[in-house]
Amino acid sequence: MRHCTAEDAAPIWRMIDESPALREYEESMRLRHAESLATALAADPDLLQTPTACRTIARFAIDAYSLARG
74 MRHCTAEDAA
84 PIWRMIDESP
94 ALREYEESMR
104 LRHAESLATA
114 LAADPDLLQT
124 PTACRTIARF
134 AIDAYSLARG
């Protein structure tokens, strides 16, 4: 993730932020990654979490970076 926060990544993030289509794509990618992470968390036999808790944890983990960079 460090490469995403480096100074040379700023023009890319600006381009994404300024384009409605790219923002929509970024959001769809975050949702897809969060769903994959939630599925992996739910499949872990050592974690006794409900599917809702797994989705919440996954969404937080995926969205935290996006919120922090903004």
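Just so you know, the sequence shown maps onto residues 74 to 143 in this note's numbering. Cβ coordinates follow ideal geometry from the N, Cα and C atoms, glycine included. Values in this document were obtained by computation on a predicted structure and should not be read as measured data.
Pair within 8 Å by beta-carbon distance, ARG105 and SER139: In this structure, ARG105 lies away from SER139, with their beta-carbon atoms at least 8 Å apart.
Bounding residues of the alpha helix (DSSP H) (the contiguous stretch that carries THR112): Taken as a continuous stretch (DSSP letters only), the alpha helix (DSSP H) holding THR112 covers 93 to 116.
Nearest residue (CA-CA) to ALA134, options ASP119, ALA116, ASP117 and SER109: Restricting attention to ASP119, ALA116, ASP117 and SER109, the CA atom closest to the CA of ALA134 is found in SER109.
With 16 other Cβ atoms within 10 Å as the buried cut-off, status of ALA141: Under this definition ALA141 is an exposed residue.
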